[in-house]
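So the structure is just underneath, and the comments pick up after that.
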Amino acid sequence: MLQVTKIFRFETAHAIHGYPGQCSNLHGHSYILHVTVSAEPVGEDYLPPPGFILDFKELKRIVKSVIEARFDHHTLLSEDYLAAHPPLAILPNIWVWQAEPTAENILLYIRNTLKNELPADVVLRKLKIYETSESYAEWEEK
-1 MLQVTKIFRF ETAHAIHGYP GQCSNLHGHS YILHVTVSAE PVGEDYLPPP GFILDFKELK
59 RIVKSVIEAR FDHHTLLSED YLAAHPPLAI LPNIWVWQAE PTAENILLYI RNTLKNELPA
119 DVVLRKLKIY ETSESYAEWE EK
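When you number the sequence shown by my numbering, it's gap-free, plus one each residue, and the end is 140.
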């Protein structure tokens, strides 16, 4: 199996409803997302022309269409959080979620969305999202 990874950065604010700690307050992160895709060369010593699993420019276009439109400089709040804090509904670029917008749930949303956007011959293999330099959530296709 052959795989390539591209790294993306975006800024997002969120709060976690019902959490008994600091994360229940509205706060932001400079997220770093690693996206790994793969392909299996079939009966070849090399990938056929043009020789890419997926051109990095195309991977960037696909991932950025998911991140910039939905995450970058947006505030993610659950329906429950917003119900408990109605004044926040006036925030610009707010995105209301049914689930709590944890790093894990953000990663699962990105996974589900990217799987539908990638070409059929490209496999989404792994995602890693850093919420801080020391904390990340990770998903890997088995």
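For every residue, glycine included, the Cβ atom is placed at its ideal position computed from N, Cα and C.
Next item on the list: Report yes if the C-beta distance between I14 and Y107 is below 9 Å; otherwise report no.
Entry: Here residue 14 corresponds to residue number 16 of the sequence shown, with the count starting at 1. Here residue 107 corresponds to residue number 109 of the sequence shown, with the count starting at 1. Going by C-beta atoms, I14 is not nearer than 9 Å to Y107.
Check: Which residue comes first and which comes last in the beta strand (DSSP E) that contains E129?
Finding: Looking up residue 129 in the sequence shown gives position 131. Segment V121 to T130, the beta strand (DSSP E) holding E129.
Margin query: Along the chain, where does the alpha helix (DSSP H) containing V40 start, and where does it finish?
Written below: Locating residue 40 in the sequence shown gives position 42, counting from the first residue. Neither: V40 is in no alpha helix (DSSP H) and is coded neither H nor E.
Note to self: Looking only at its chain, what residues have a beta carbon closer than 7 Å to the beta carbon of T3, apart from the 5 residues adjacent to it on each side?
What the structure shows: Along the sequence shown, one-based indexing puts residue 3 at 5. The residues are H32, V33 and T34.
Checklist line | Segment contact, 8 Å Cβ cut-off, at least three pairs: the region 93 to 112 with the region 59 to 77 | finding: yes
Checklist line | Nearest-angstrom beta carbon gap, Y17 and E129 [assumed within contact, 8 Å] | finding: In the sequence shown, residue 129 corresponds to position 131, counting from 1. In the sequence shown, residue 17 corresponds to position 19, counting from 1. Contact flag wrong, Cβ pair sits at about 14 Å.
Margin query: DSSP three-state label for Q96, please.
Written below: Numbered from its first residue, the sequence shown carries residue 96 at position 98. Note: Q96 maps to coil in three-state DSSP.
Check: Residues in its own chain within less than 8 Å of V64 by CB, not counting five upstream and five downstream?
Finding: Taking the sequence shown and counting its residues from 1, one reaches residue 64 at position 66. Contacts found: I108, T111, L112 and E115.
Item checked: Cutoff 6 Å; reference L52; Cβ partners in own chain excluding five residues on either side -> Locating residue 52 in the sequence shown gives position 54, counting from the first residue. Only V35 and V120 meet the Cβ criterion.
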